[in-house]
Amino acid sequence: MNKYYILAGLTGSAAGALLARFYFKKKYAVIAEEEINSVKDALSERKKVKAESGQHEITTEERTRYNDYIRDYVEEAPRQSQDRAYVISPNELDEYDDYETISLTLYADGTLTDDNDEVLSEDEIEEIIGKDSLNHFGEYEEDSVFVRNDARKCDYEILKSLEDYAEVLARKPYLAR
Numbered sequence: 002m003n004k005y006y007i008l009a010g011l012t013g014s015a016a017g018a019l020l021a022r023f024y025f026k027k028k029y030a031v032i033a034e035e036e037i038n039s040v041k042d043a044l045s046e047r048k049k050v051k052a053e054s055g056q057h058e059i060t061t062e063e064r065t066r067y068n069d070y071i072r073d074y075v076e077e078a079p080r081q082s083q084d085r086a087y088v089i090s091p092n093e094l095d096e097y098d099d100y101e102t103i104s105l106t107l108y109a110d111g112t113l114t115d116d117n118d119e120v121l122s123e124d125e126i127e128e129i130i131g132k133d134s135l136n137h138f139g140e141y142e143e144d145s146v147f148v149r150n151d152a153r154k155c156d157y158e159i160l161k162s163l164e165d166y167a168e169v170l171a172r173k174p175y176l177a178r
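First residue of the sequence shown? That's 2 in my numbering, and the numbers climb one at a time after it.
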């Protein structure tokens, strides 16, 4: 007897699900049709207004021709280019894709080295970053200065170290020449 109740319950549930499906399918089809018709009416009304005002539809060909015409006159924003290296903000670092970023270290004893811990001469410092740029620590960040050299297409990140270069030489004796 229990089997019959279970079978009757399952049959009733299946029938109810089918009836609900058909009911909601019909209901939402009517709603969708009303929405489609309202959009069609709005578009036809818009075409009437355009026709009355003398405007015409822009074709894909006209749009392409116009874009090509405009593209000839649009220029990239000019880069700030200087003969000498100049200090930039941290936000400007890596601003240009074609510029290389190089990290330099200024040790506590005043020695400036490249990313291989090789000492830069006074002439190299002047040519690469300009001696004045080392006076700009603390403007944006306490322990770093960022310099752009347009002639070399490089951005330089100069980091201040608390240790002396002699301590680095003690750890890396192969640097002493």
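Backbone N, C-alpha and C fix where the C-beta goes; we use that ideal spot for every residue, glycine too. Since this is a predicted model, take the numbers as computed values, not measurements.
Exercise. Would the beta-carbon of glutamate 1 fall within 8 Å of that of alanine 109?
Worked result: In this structure the chain extends from 2 to 178, so residue 1 is not present and cannot be described.
Exercise. Helix, strand or coil: how does DSSP classify leucine 107 here?
Worked result: strand
Exercise. Is the beta carbon of lysine 173 sitting closer than 8 Å to the one on aspartate 118?
Worked result: yes
Exercise. Near threonine 106, which residues of its chain fall below 6 Å by C-beta distance, leaving aside the five closest residues on each side in sequence?
Worked result: Thr114, Leu160 and Ser162
Problem set entry | Where leucine 121 sits in the DSSP three-state scheme | coil
Exercise. Out of curiosity, what's the CA-to-CA distance linking leucine 11 and glutamate 34?
Worked result: 35 Å
For this session: Could you give the DSSP three-state label for phenylalanine 138: helix, strand or coil?
Result: coil
Exercise. Under the three-state reduction of DSSP, which class applies to serine 14: helix, strand or coil?
Worked result: helix
Exercise. Is the Cβ-Cβ distance between serine 90 and phenylalanine 138 less than 8 Å?
Worked result: no
Exercise. Of the residues Thr65, Ala86 and Ala9, which one's Cα is nearest the Cα of lysine 156?
Worked result: Residue identity differs from the one stated: residue 156 is aspartate in this sequence, not lysine. The shortest C-alpha separation from aspartate 156 is found at Ala86.
For this session: Please list, in chain order, all residues of the same chain as aspartate 95 whose beta carbon is under 7 Å from its beta carbon, the five residues on each side excluded.
Result: Thr102 and Asp156
Problem set entry | alanine 171 vs aspartate 84 beta-carbon contact at 8 Å | no
Exercise. Any idea what DSSP makes of arginine 149, helix, strand or coil?
Worked result: strand
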